[in-house]
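**Student:** If you scroll down you'll find the structure; I have some questions about it.
Chains as they are written, first to last, in our numbering: chain Y, 2 to 252; chain X, 105 to 452.
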């Protein structure tokens, strides 16, 4: 199953909450440089699966391999330092900090030791990269504003570029268009495409909006009741009888 | 930077000017007051150091500690015991090395227990409160070793190579230590590490998932803060020549938290300002309003919580902004007036 270019692999990954099996024996791989869409109806276990990868939840059974290393029991901050960075579904930016400070916070986390953090008093070396990314998210003109003053969509984009600024190896995006209207959703598509072109970052995007996901990825995995129901291209998935039954059929 | 450029910088920054004015006041205190009053002010300064230590933990990292007097008192008791019973060890070593190291170890042990068990929020406040209560009872129970409720007295004043430090020089030593620890704290909170502490305060999980070791960062700042409280306590013992169990207790711990809230939490200078001002008012006004002073203090505190959550420092900054002092603040006023389209008086 795993090839030389597999960045992440799960084997028999299972998560139980009491009697509820949220993620059920999932074998799954992500190739380096790909963008994988993880879709499924509400309650399918998508978000739980992603939080097992980030380390927010501990797996009940099974294992997670990242670049060949077992990380199943590794602390979330260590996984982040290894390069697994998550953007939460409900925006988690630092509201009372400026956009600039938000970006600096993100950029220092993964690569600095405590001693380096203490010595670091001048962040002008980061400015170019910050400006580049803020341009992509169209937020540069607001860089001195506090994040809490941004619109919902802008906060989502800020958190996305914050995650990208860490130079992640695997970017986990949990419903990046959550709470957005059609216009903002389209802008998010453009943002993700630009980021992809520039950085070739491997992405795992959790989404329930089929229209959105097919614009950013042609490599889909469908989860249902915590199990993998189908995998393939957008076309494969759309023509899959089982998927239509449980998921698309309803719409 | 030339003297003229420095002067220009001070004139443009009301915040820096305010700090320098405060420092000037502290520098001239011994020239105005009687010797016994200077000793009292030295005590104010040791509590200001304790406030500074708590502000790092509470104001910046968001961990409300209601037990920090435990470290202050532990430093004071350690210094008292050593100075009375082990005169072979030089006094400065006791006060500036042993007391902070002892308290750092205590803070490290308590912090490790709290942070590895992920005790946070109100549970953190309650647990630290209990630590203070336990420390206070220990000091009260060990009558022969720690003096029980009578405490330890006749603690010698600080001596350096056989020369006793008089009241006024001791005041300046304390002021120098306060200033040094203030600058150290400033250096820390202005670094990328300080930014991470603010991140922990606002959203610890998010901060961890950017790759920050939040457990270690909290342990580091808690331990450092314990060491600072230990130095302050050690100096207190030599200045006051008497220590007793309430020095370790939760009443003192919570009082200092209130001083910081009044001064302005998460600003460092607010902790120092609040600590010195309230102690000063406490000693002068409590004579005037013998019975009502505590009620008055409570009213002031509630007023700050309700109308000025940024404390005195926040009020002073607003005032400076309104008076149009300083380049940045003037620009900010103009910008906010623009944004509100001239309807800026709706908040007046």
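Just so you know, even glycine gets a beta-carbon here, dropped at the ideal spot from N, CA and C.
What does the alpha-carbon distance come out to for the pair residue 173 of chain X and residue 370 of chain X?
**Tutor:** So the alpha carbons of these two residues sit roughly 19 Å apart.
**Student:** Going by DSSP, name the residue or residues bridged to residue 11 of chain Y.
**Tutor:** Residue 11 of chain Y is bridged to Y/29 and Y/65.
**Student:** For my contact list, residue 364 of chain X and residue 375 of chain X are in at a C-beta cut-off of 8 Å; report their separation, rounded to the angstrom.
**Tutor:** Sure, about 5 Å apart at Cβ, within 8 Å.
**Student:** Mind pulling the chain Y residues with CB within less than 8 Å of residue 324 of chain X?
**Tutor:** Neighbours of residue 324 of chain X on chain Y, chain order: 115.
**Student:** Could you tell me whether the segment 301-318 of chain X touches the segment 173-188 of chain X, using the rule of 3 or more Cβ pairs below 8 Å?
**Tutor:** Output reads no: the segment 173-188 of chain X does not touch the segment 301-318 of chain X.
**Student:** Under 8 Å Cβ-Cβ, which residues of chain X neighbour residue 120 of chain Y?
**Tutor:** Ordered by position in chain X, the residues that pass the 8 Å Cβ test against residue 120 of chain Y are 295.
**Student:** Near residue 336 of chain X, what residues of its chain come up, given a Cβ to Cβ distance below 6 Å and the 5 sequence neighbours on each side ignored?
**Tutor:** Within the same chain, residue 336 of chain X has close Cβ partners 150, 153, 154 and 176.
**Student:** What is the DSSP secondary structure of residue 144 of chain Y, counted as helix, strand or coil?
**Tutor:** Here residue 144 of chain Y sits in coil by DSSP.
**Student:** Give the straight-line distance between the Cα atoms of residue 48 of chain Y and residue 243 of chain Y, rounded to the nearest whole angstrom.
**Tutor:** Going by the C-alpha atoms only, they are around 21 Å apart.
**Student:** Do three or more CB pairs link the segment 249-258 of chain X to the segment 343-350 of chain X at distances below 8 Å?
**Tutor:** Yes, the segment 249-258 of chain X touches the segment 343-350 of chain X.
**Student:** Find the residues of chain Y that neighbour residue 371 of chain X, judging by a C-beta separation of less than 7 Å, and give them in chain order.
**Tutor:** Here the premise fails: no neighbours, minimum Cβ distance about 14 Å.
**Student:** Starting from the beta carbon of residue 292 of chain X, find every residue of chain Y whose beta carbon is closer than 7 Å, and list them in chain order.
**Tutor:** Result: 119.
**Student:** Identify, in the order they occur along the chain, each residue of the same chain with its Cβ nearer than 7 Å to the Cβ of residue 382 of chain X, setting aside the five sequence neighbours on each side.
**Tutor:** Closer than 7 Å at Cβ, skipping near neighbours: 363 and 366.
**Student:** Taking buried to mean at least 16 other C-beta atoms within 10 Å of its own C-beta, is residue 164 of chain Y buried or exposed?
**Tutor:** The residue is buried, with at least 16 neighbouring Cβ atoms inside 10 Å.
**Student:** Only counting the same chain, and skipping five residues up and downstream in sequence, which positions put a Cβ closer than 8 Å to that of residue 228 of chain X?
**Tutor:** Around residue 228 of chain X: 167, 168, 169 and 218.
**Student:** For the segment 299-310 of chain X, which residues have a CB atom closer than 8 Å to at least one CB atom of chain Y, in sequence order?
**Tutor:** Those residues of the segment 299-310 of chain X that come within reach of chain Y (Cβ to Cβ, closer than 8 Å) are 299, 300, 302, 303, 306, 307, 309 and 310.
**Student:** Residues of chain X with CB under 9 Å from residue 33 of chain Y, in chain order?
**Tutor:** Near residue 33 of chain Y there are no residues of chain X at all, since even the closest Cβ is about 20 Å away, more than 9 Å.
**Student:** Determine the burial state of residue 190 of chain X: buried for a count of at least 16 other Cβ atoms within 10 Å of its Cβ, exposed for fewer.
**Tutor:** Residue 190 of chain X comes out exposed.
**Student:** At the level of alpha carbons, what is the spacing between residue 200 of chain X and residue 105 of chain Y?
**Tutor:** Cα to Cα, residue 200 of chain X sits roughly 36 Å from residue 105 of chain Y.
**Student:** Answer yes or no: do residue 227 of chain Y and residue 37 of chain Y have a C-beta to C-beta separation smaller than 8 Å?
**Tutor:** Result no, Cβ atoms of residue 227 of chain Y and residue 37 of chain Y do not sit closer than 8 Å.
**Student:** Looking only at its own chain, which residues have a Cβ that is under 6 Å from the Cβ of residue 338 of chain X, when we skip the five neighbours before and after it?
**Tutor:** Same-chain partners within the cutoff: 179, 183, 199 and 203.
**Student:** May I ask you to list, following chain order, the residues of the segment 318-345 of chain X that have a beta carbon less than 9 Å from some beta carbon of chain Y?
**Tutor:** The residues in question are 318, 319, 320, 321 and 324.
**Student:** Between X/293, X/135 and X/146, which has its C-alpha nearest residue 345 of chain X's C-alpha?
**Tutor:** Checking every option, the nearest Cα to that of residue 345 of chain X belongs to X/146.
**Student:** Taking just the CA atoms, how far does residue 219 of chain Y sit from residue 117 of chain X?
**Tutor:** When rounded, the distance between both Cα atoms is 56 Å.
**Student:** Consult DSSP for residue 203 of chain X and reduce its assignment to one of helix, strand or coil.
**Tutor:** Correct three-state label for residue 203 of chain X: helix.
**Student:** Are residue 357 of chain X and residue 236 of chain X touching if we call contact CB-CB under 8 Å?
**Tutor:** Contact flag set, yes.
**Student:** Name the two residues that bound the continuous alpha helix (DSSP H) containing residue 243 of chain Y.
**Tutor:** First-last of the alpha helix (DSSP H) with residue 243 of chain Y: 242-247.
**Student:** In chain X, what lies closer than 8 Å to residue 55 of chain Y by C-beta?
**Tutor:** The contacting residues are 313.
**Student:** Applying a beta-carbon distance threshold of less than 7 Å, which residues of chain Y neighbour residue 316 of chain X?
**Tutor:** Here the neighbours are 78 and 110.
**Student:** Check whether the Cβ atoms of residue 187 of chain Y and residue 148 of chain Y sit closer than 8 Å, and answer yes or no.
**Tutor:** No, Cβ-Cβ distance for residue 187 of chain Y and residue 148 of chain Y is not below 8 Å.
**Student:** Please decide whether residue 130 of chain Y counts as near chain X, where near means a Cβ-Cβ distance under 8 Å.
**Tutor:** Closer than 8 Å: no.
**Student:** Which residue's Cα is closest to the Cα of residue 215 of chain Y: Y/225, Y/193, Y/229 and Y/202?
**Tutor:** That would be Y/193, whose Cα lies nearest to the Cα of residue 215 of chain Y.
**Student:** Which one of X/135, X/119 and X/392 has the shortest CA to CA distance from residue 423 of chain X?
**Tutor:** Answer by Cα proximity: X/119.
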